[in-house]
Each structure stands twice: as C-alpha cells, then as structure tokens.
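Chemist: First to last, the protein sequences are chains A, B and C. One point on numbering: in our numbering, the residue at position 3 of the first sequence is 3, and numbering is uninterrupted. With positions in the second sequence counted from 1, the corresponding number in our numbering is that position plus 1000. With positions in the third sequence counted from 1, the corresponding number in our numbering is that position plus 2000.
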Amino acid sequence: MKAELICAGFGGQGVLTIGKFIAKAGMKEGKNVSWLPSYGPEMRGGTANVSTVVSDEPIASPIVSFPDILVALNQPSIDKFGPSVRENGVLIINSNMCPHGCKRTDVQIISAPMSDIAAEIGSPMVLNMIAIGIIIGKTGLIKYETMEEDLTSFMKAKNPELLEKNLIAIKRGIELGKQ
Amino acid sequence: MEIIAKRPESLTKTPFTYCPGCLHGVAHRLVAEAIEEFGLTNHMTGVAPVGCSVFAYKFFNFDMAQAAHGRAPAVATGMKRARPDMHVFTYQGDGDLAAIGTAEIVHAANRGEHISVFFVNNAIYGMTGGQMAPTTLPNMKTTTSPYGRNTDDIGHPIRVSELLATLVAPYYIERVSLLSPADILKAKKAVSKAIQYNKEGRGFTFVELISTCPTNWGIDPIKSRDWAKENMLPFFKVGCLRDKGEGVE
Amino acid sequence: MSKILMKGNEAVAEAAIRSGCRLYFAYPITPQSELIEYMAKMMPKVGGCFLQAESEVSAINMVYGAAGSGKRVMTSSSSPGISLKMEGISYLAGAELPCVVVNVQRGGPGLGDIQPAQGDYFQATKGGGHGDYRTIVLAPNSVQEFADMASEAFDLADKYRTPVMILADGMLGQMMEPVEFKTPKTPEEMEELDKQHNSWCICPNEDGDKKHHHEINSLEIDPYVLEKHVNDLYAKYAVIEDKETRYETYNVSDDNEILCVAWGTSSRIVKSAINELKAEGKSIGLIRPITVWPYPTEAVKKAIGKKVKKVYVFELNTGQMLDDVKIAVEGKVPVDFWGKVGGIVFTPAEIKAKLEACFK
Ligand SMILES: Cc1ncc(C[n+]2csc(CCOP(=O)(O)OP(=O)(O)O)c2C)c(N)n1
Ligand code: SF4
Ligand SMILES: [Mg+2]
C-alpha cells in the first residue's frame, strides 16, 4: 500500500495540518510517512500546499507529482493540482471556495460545503478535520481511532470543547466520504 | 476629473509584494515621490537590500541594483565612485543594516559617502519569518527570542541614528515614523530633504523610518501602529540628530 | 524510544543537543531557520548557550572561539551564509579545531532562491575557503539520517580535530519524517567530552599542574614550518580517507545495465525511479556517497558490474560531482549526467524517462 496526497489551499486554511495529522496517524499505525510543505515568503496570504506520503514500503521520494488523493480547499488549488490527480484517484473539494469545481470525469470527486459544515459545527477551525474525515471515510488510509487518540492526547486537558467539535467534524467527514 | 493622487512615475507598475498593511509600500512611495520632485529620475539609482524589500529593484522605475545581505552601502559606494554624476541611495531593513551590515553602514557614514540611506526599522526580521533583530525591543518575543529579548544576554536594541550621529562626517541624520498620516507627512519632509541634499552633493544623508511588521508581530495592521507608537517611539525617539544645512550638529 | 514526526531542521538540532552540543551560534536564513529557532527554544532548557550572531561571519568565529575552548559547538546556515563562513572554516581547519557546520542548501549563485539545491558540492568538498585543507562532508538523504549525522559529525570532529560539515538541502530541512533519537549523553559522558581536548585547548591551569601555554592559531610565518603543518594535515586527511569513507549501495549487482550515482536528496528520487524500472525487469544499481568528502572512489569503481553500459550521475546542480565519478570510472564506461538547477527538484518520472532512454 502506498498513498500519495497533496493538500492545497490558502495559507491559514490549515492545509499543512491536514497533511501533518495524516502523516502522524500513518506513523502511529506503523507505516512509513513523509510530509513536505511548500515554503517561503510567497506563502504569506498566498497558497500553501503539502505533499504527504503514507506507505508500507520505505518512501523513496517525498515529492508527490501525481497524487492519489487531492484535497483542494480553494479553486486555485484545483486548477493547479487537479490535472495531475491519478486516474481513478480521489479529489476532495471544499465547494464553498471552489465555484468552478473540477471538470474531470476519470477521478472520484467528493465535493462538500466544508466551510458551511464547519460553521454549523461551531468553529471554522475544524474545516481541516472534515477533510481528514472524508479521507478516512473514502479511502481508509488511516483509522478514526488513531486520530481520536492523537487529538485527545493534546487537547483533552487544554480545550475539551474544541476536541469535541474536532471529533464531530471528523465523523461528519467520514459520513460524507462513505456516501 | 482632477487627479489628486497617482502612482509616482518613479515607481514601476509591478505590484508590491508586501503583506496587507505593511508600511514598506508607504516608504517606497515617499522615496519615489521625493526623487520625482527633485527631477532626479534620470540620474538616480538605488540599491535594494536583502529583506522584505529585496524586490525594491523591481519597484523603482530607474536603474537599480540588488546587494548581498547588509552590503548595500558598499555597493552604493562603488556606484557613486564609478559614476559621480549619478545620485545613489540604499533602502535597507534593520536586520540588513544594523546586524550583518553594521560595518558597511558605519564606514560609509564615516567616509561621508555621497549617498542617501533609507533605513526601515520594524524591530524584526520580516523576510525570514520573524527572528530577533538588533532593534528588537527588550522582552519582545520573536522566533529566536522565544522567552523575550533578554538584554542581559543579547544587549539592548541599537539606536542606529544616534550611533551614526557620533561620527563627524554625516551631513544629515533624522528619525521619523510612518505610524500615522501626520507622521507620514513629516517623514516625507525628511525623505525629501535627504534627496535634496543628495542632489546638491552635500554628503551622507540618513533617514530612519519607524515601521511595523503586522505579519510577524502577529498584530493586525492598525493595532500594530498603536503598538509601535506605544513601544517603539519611546525608545526610538523621532527627531533630527544632524542637519549641517540647518546648523544642527 | 518511539518515533517522532519532525522536520529535518529540528531533528538535527535535537540530535546535536543530545550529542552534547551546548553551544550554538548562527544567523537566520531560509530554508534553515527552524534549526536556529529550535536551538533558541531548547538551549536555555538544557543550560546551553544559544546566541544569534550579528552575521554568519561572526557566528563562525564564535564557533572558532568555543571550539578552541574545547567544547562541542555547532553553527548552521544555508548557501549564501555558508559562503560567508568559508573564511572561518579555513581558519578552523588550519588551527585543527573540531566543530559541526550544517548547510541546508538552496538555489544559487548569489541570492538565488530558497528552494532545495545541491549547488554547494564544490564549495563543500574541494575546500571552499582558501588554502590547502579539507573538511569531512556528510550528506544525509532522510530526516533520520540527518539527525543521526549530528552525533556522527561531532564524534568525527573530535576524533580528527577538524570541522565537519553536514550537507543537507531545503527539502531535508523542511520535510517531516519519523525520527528516533539516541538517548542523550549523560552528565558523566558530557564531563568526559569536556576533558578530551584539555591537552591543547584553552582551559584553566589545574592547581599543581605544570603551567600550560596552548595556542589556538593557524599562522605559521616560517614557510618550512607551514609546509610541515600542511603536510601533517594531509597525513591526517589520508587517514580519514582510509577509515571514514561511507556510502550506500542499492540494487547493485552483476546484472546491472546501468549504475546510477547520486547523493543526498537526489538519491531518493533516483531510488524511486529504479524501483519502478525494476518492476519492469530492468536492472539498475545505485551507489550513494554518504561522505562526499572523503569520496568513495574505490566503492564506485567496484560497483560497476560487468554488464554496465553506462554510469549515470544525477544531481541538483550542473554536474559538480561528475569529475569525482569520472575519476572512479577511469574511462571504462561512458559517464552521463543529468541535473536540475534553480531549486527545482527532479521527479521520479523524469529520472525514469532518462533511464528508460538508455535501454532503447
Ligand atoms: C548572507 C545572508 N544571511 C542571511 C540571509 C537571510 N535573510 C534574508 S532577509 C533577512 C533579514 C531581513 O530583515 P530586515 O533587514 O529587518 O528586513 P525586513 O524583512 O524586516 O524588512 C535575512 C536574515 C541572507 N539572505 N543572506
Ligand atoms: S513580513 Fe512584515 S515587513 Fe515583510 S512584507 Fe510582511 S508585514 Fe511587511
Ligand atoms: Mg526588519
């Protein structure tokens, strides 16, 4: 098993964290993982993206050119990375920020109003957890339990309310992913 | 329609790369307007530093050079000596000028090099993501002073204008602020004076502009200005430290 | 110890602290800044010294002072800053002082850009500063190896009293991978480390000892004395070449039709391509120099199997390692090169295409 992911969006949308949680969970489940962000001053307010690889084998290249999974939180991300998603790959779209969506028919597209759902749950910060949930529901790349354990370990004492919202967000994402 | 404000012709059409609310853009404008006012656009050249204003060489609409980190005054010296008929300025941040470039600025000033220096002090390294600068205030937290600047260990902020004012040669040294519209008007006068003296070939002119870095301070642009007024201005007092043209020695 | 997901820049800093480094002097620069920031945060917690210098020039000279005082000391930077350190490194080598310098390379020349590159190979392996000297250069290709090299670099530096460079790049600095750290040095081990250099370093006279006079110096004004000094340095370097050359072979066998040579980040990408072609039945080997100085010349020579038609060098520069490979190959088979510059990292697909073309 080897899954290559790109998460992309505006800086501040938490795209780097999506990759980080996936990598961390993969590591806890005994997989090889790598996480490689775009970096530099162009990141200020601009677009950010991160390549994440989760694999049973040692990871030769951490650079993802043809993702199996693309999480696109805004339209420029679809425009930039959409064409390189592998055939039959998974494209997860935040429809609130992607007015034009993606025209490809040879990939599995899951488009959800993640910003709205996050607002509904009560915190815009949980948007990235919805995305993680969709990845879990759709691909089973990592387990819900690993995420729950990880989040609980550092949030339970500090911010139990936010922890609760994060877990709700992941579960909502899983439902969306399974549809 | 009457045009009351337009982009000075001494700025190119290249959009600024600065964060929203950053005052580097204001400083560029002041310098550009002054150059234009004195009709120097065809005989002006500038040196961009390494810092957020590294792309200044793209923004000023005349020949420009880009220098290694801190070395702009040396590069400007070379240019001025090679082409005495050109007018030369440097535009530098506080990390560039007051840390790695301390030797170059002190010696250019000490030689009374016929250049103008515009020194933008925002108390931090903006470009590299918010590390401590020589001008970082006591106890101020940055990514390399995560527990606050400890003056016992790393010293107090450097007041560059005062430091240079101990030298005999500099012709004009003034510190101004960019923190309010009224301050910007005063800053404009100082920048113009530096360019005027430069045009007249009087000697080394230096303007320090107190600025902000909303992004790395983690404070929104408006509040950043208040923060700087409260915290920077008491330490970095605005005022003229040297003006040989007006008898201020 | 369980694994931690960490950036290369942070992992190497943590590993250095665990190796007994308690003095660190540096100046911020992208893509290395997380290293200096980690040190700023952690050094005070372990009672060490973190100092942000006013420039790379002063940072490396602070290293000179601390190394001359017999303590484990490190500095780090990225390409433009490493250029500024080169004068200091020459002095450190001349004065035979142990220290560790990390270069998280970015695109050059000049201000270049901030993306990963391998354009400092010449500078690192052929001297860099002035005069006849060498530095040991370790080139990691993973976050784990980057971290492991911190302790290895300190050990080598102490053993041979010489500066050791870890030559990484923006990708290794910025990426996160799981790392496992060695247990930190104990206070007793730290004390031992402290004493090991007392026969030559700046240190107090112990009561009752014969008063010593140690000189930390690279000046030898008498040409014959300097000649001997340089010859002694080169005798030392010969021992290092003999004992400390490190490399990795991957898929190297007598079936190989092509032998690739790549180091650091490049080697990972090449491995990717080799794996894909292996699945298609093509046999390609890889030799990866881990020390780029001393260079594994003999190992490269030996890795050339009987069926090898071509030795292919891949780097993120314009071919700076090419001459070292050619020396090893001795003209026996053709040597080809392909690289990317500008801070662009080649993709496995690109390497694969280059290799496939060799089979046509
Ligand atoms: C020799 C060298 N060292 C370090 C750097 C990295 N660097 C780029 S900009 C900068 C500091 C900029 O801070 P400042 O001069 O205050 O300008 P600001 O961005 O705040 O306007 C540093 C350290 C470099 N480019 N070259
Ligand atoms: S980082 Fe700071 S100084 Fe640089 S452009 Fe942004 S606000 Fe301005
Ligand atoms: Mg600054």
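Glycine included, C-beta positions come from ideal geometry on N, C-alpha and C.
Could you tell me whether the Cβ of tyrosine 1958 of chain C comes closer than 9 Å to any Cβ of chain B?
Modeler: Past the boundaries of the shown model lies residue 1958 of chain C; chain C is included only from 2001 to 2360, so the question cannot be answered.
Chemist: Could you check whether the Cβ of lysine 165 of chain A sits closer than 9 Å to any Cβ belonging to chain C?
Modeler: Chain C contact via Cβ: absent.
Chemist: Can you list, in chain order, the residues of its chain whose CB lies under 7 Å from that of aspartate 1083 of chain B, leaving out five sequence neighbours each side?
Modeler: Reading off the sequence, residue 1083 of chain B comes out as arginine, not aspartate. None.
Chemist: Any beta carbon of chain C sitting closer than 9 Å to that of aspartate 1153 of chain B?
Modeler: Yes - at least one Cβ of chain C is within 9 Å of the one on aspartate 1153 of chain B.
Chemist: Does the beta carbon of tryptophan 20 of chain A sit closer than 9 Å to a beta carbon anywhere in chain C?
Modeler: Correcting the residue type first, residue 20 of chain A is lysine in the shown sequence and not tryptophan. Output row for lysine 20 of chain A: interface = yes.
Chemist: In the DSSP assignment, find the alpha helix (DSSP H) that holds tyrosine 968 of chain B and state where it starts and stops.
Modeler: Any question about residue 968 of chain B goes unanswered here, given that chain B covers just 1001 to 1249.
Chemist: Can you give me the C-alpha to C-alpha distance between glutamate 2241 of chain C and threonine 105 of chain A, rounded to a whole angstrom?
Modeler: Those two C-alpha atoms are separated by around 58 Å.
Chemist: Quick check on DSSP: helix, strand or coil for phenylalanine 966 of chain B?
Modeler: The displayed coordinates of chain B run from 1001 to 1249. Any statement about residue 966 of chain B would go beyond what the structure contains.
Chemist: Pick helix, strand or coil for lysine 2182 of chain C, following the three-state DSSP scheme.
Modeler: It is coil, neither helix nor strand.
Chemist: Shorter than 8 Å, the distance from the beta carbon of histidine 2213 of chain C to the closest heavy atom of ligand 1, or not?
Modeler: Flag unset: Cβ of histidine 2213 of chain C not near ligand 1.
Chemist: In angstroms with no decimal places, state the Cα-to-Cα distance between lysine 2332 of chain C and lysine 2354 of chain C.
Modeler: One C-alpha to the other measures close to 21 Å.
Chemist: Any C-beta of chain B within less than 8 Å: which residues of the stretch 2084–2116 of chain C qualify?
Modeler: Within the stretch 2084–2116 of chain C, the residues whose Cβ lies closer than 8 Å to some Cβ of chain B are Gly2110 and Leu2111, listed in chain order.
Chemist: Answer with yes or no whether the minimum CB distance from methionine 1 of chain A to chain C is below 9 Å.
Modeler: No - not a single Cβ of chain C is within 9 Å of the one on methionine 1 of chain A.
Chemist: Is glycine 1051 of chain B near ligand 3, in the sense that its beta carbon is under 8 Å from a heavy atom of that ligand?
Modeler: Result yes, Cβ under 8 Å from ligand 3.
Chemist: Using only the alpha-carbon positions, how far apart do lysine 1013 of chain B and alanine 2117 of chain C sit?
Modeler: Going from the Cα of lysine 1013 of chain B to the Cα of alanine 2117 of chain C covers about 32 Å.
Chemist: Which residues mark the beginning and the end of the beta strand (DSSP E) in which isoleucine 6 of chain A is found?
Modeler: That run of the beta strand (DSSP E) goes 2–10.
Chemist: In or out: tyrosine 2224 of chain C buried (at least 16 other Cβ within 10 Å) or exposed?
Modeler: So tyrosine 2224 of chain C counts as exposed.
Chemist: Please list the partners that arginine 2268 of chain C has in chain E, where partner means a Cβ-to-Cβ separation under 7 Å.
Modeler: The chain labelled as chain E is not found among the protein chains of the depicted structure, namely A, B and C.
Chemist: Which residues in chain A sit within 9 Å of serine 2009 of chain C, going by Cβ to Cβ distance?
Modeler: A small fix is needed here, since residue 2009 of chain C is asparagine in this sequence, not serine. Those do not exist, as asparagine 2009 of chain C stays about 11 Å from chain A at its closest Cβ, beyond 9 Å.
Chemist: Could you tell me if the beta carbon of glycine 177 of chain A falls within a distance shorter than 8 Å of some heavy atom in ligand 2?
Modeler: No, ligand 2 has no heavy atom inside 8 Å of this Cβ.
Chemist: With DSSP as the reference, label methionine 43 of chain A as helix, strand or coil.
Modeler: The predicted position of methionine 43 of chain A is uncertain, since its pLDDT is 48 and thus under 50; a value taken from the coordinates is nonetheless stated next. Reduced to three states, the DSSP call for methionine 43 of chain A is helix.
Chemist: Suppose you measure from the CA of glycine 14 of chain A to the CA of asparagine 1061 of chain B; what does that come to, to the nearest Å?
Modeler: The straight-line gap from Cα to Cα measures roughly 38 Å.
Chemist: Cβ-heavy atom distance between tyrosine 1057 of chain B and ligand 2 below 8 Å?
Modeler: Not under cutoff, so the answer is no.
Chemist: Taking 9 Å as the CB-CB cut-off, is alanine 2040 of chain C touching chain B?
Modeler: Chain B contact via Cβ: present.
Chemist: Which of the three DSSP states, helix, strand or coil, is assigned to leucine 91 of chain A?
Modeler: If DSSP states are grouped into helix, strand and coil, leucine 91 of chain A belongs with the strands.
Chemist: Whose Cβ in chain B lies nearer than 8 Å to the Cβ of tyrosine 2027 of chain C?
Modeler: Those within 8 Å of tyrosine 2027 of chain C in chain B are Ala1099 and Ile1100.
Chemist: Ignore the nearest five residues each way along the sequence and tell me which others in threonine 52 of chain A's own chain have a CB closer than 6 Å to its CB.
Modeler: Excluding positions up to five away in sequence, the list reads Leu5, Gly19, Ile22, Ala23 and Trp35.
Chemist: So proline 37 of chain A and valine 50 of chain A are in contact, right, with Cβ under 8 Å, and what is the actual spacing, rounded?
Modeler: At roughly 5 Å, the Cβ-Cβ gap stays under 8 Å, so proline 37 of chain A and valine 50 of chain A are in contact.
Chemist: Identify the contact partners of valine 33 of chain A in chain C, using a Cβ-Cβ distance below 9 Å as the criterion.
Modeler: Those within 9 Å of valine 33 of chain A in chain C are Leu2005, Met2176, Glu2177 and Pro2178.
Chemist: Tryptophan 2263 of chain C lies in the alpha helix (DSSP H); which residues open and close that run?
Modeler: That residue, tryptophan 2263 of chain C, is in no alpha helix (DSSP H); it is neither H nor E in DSSP.
Chemist: Along the beta strand (DSSP E) that carries glycine 1239 of chain B, what are the first and last residues, could you check?
Modeler: Glycine 1239 of chain B -> beta strand (DSSP E) spans 1239–1243.
Chemist: How would you write the range of the alpha helix (DSSP H) that arginine 1225 of chain B sits in, first residue to last?
Modeler: Taken as a continuous stretch (DSSP letters only), the alpha helix (DSSP H) holding arginine 1225 of chain B covers 1221–1231.
Chemist: Could you check whether phenylalanine 2146 of chain C and alanine 2011 of chain C sit closer than 9 Å to each other, using their CB atoms as the reference points?
Modeler: Yes, they are a contact pair.
Chemist: Return the residues of the stretch 1068–1096 of chain B that lie within a Cβ-Cβ distance of less than 9 Å from chain C, sorted by chain order.
Modeler: Within the stretch 1068–1096 of chain B, the qualifying residues are Ala1068, His1069, Gly1070 and Gly1095.
Chemist: Name, please, each residue of chain A whose Cβ falls closer than 8 Å to the Cβ of lysine 2271 of chain C.
Modeler: Within chain A, the residues near lysine 2271 of chain C are Ala60 and Ser61.
Chemist: Output the boundary residues of the alpha helix (DSSP H) element that contains alanine 1068 of chain B.
Modeler: Taken as a continuous stretch (DSSP letters only), alanine 1068 of chain B belongs to no alpha helix (DSSP H), as it is neither H nor E.
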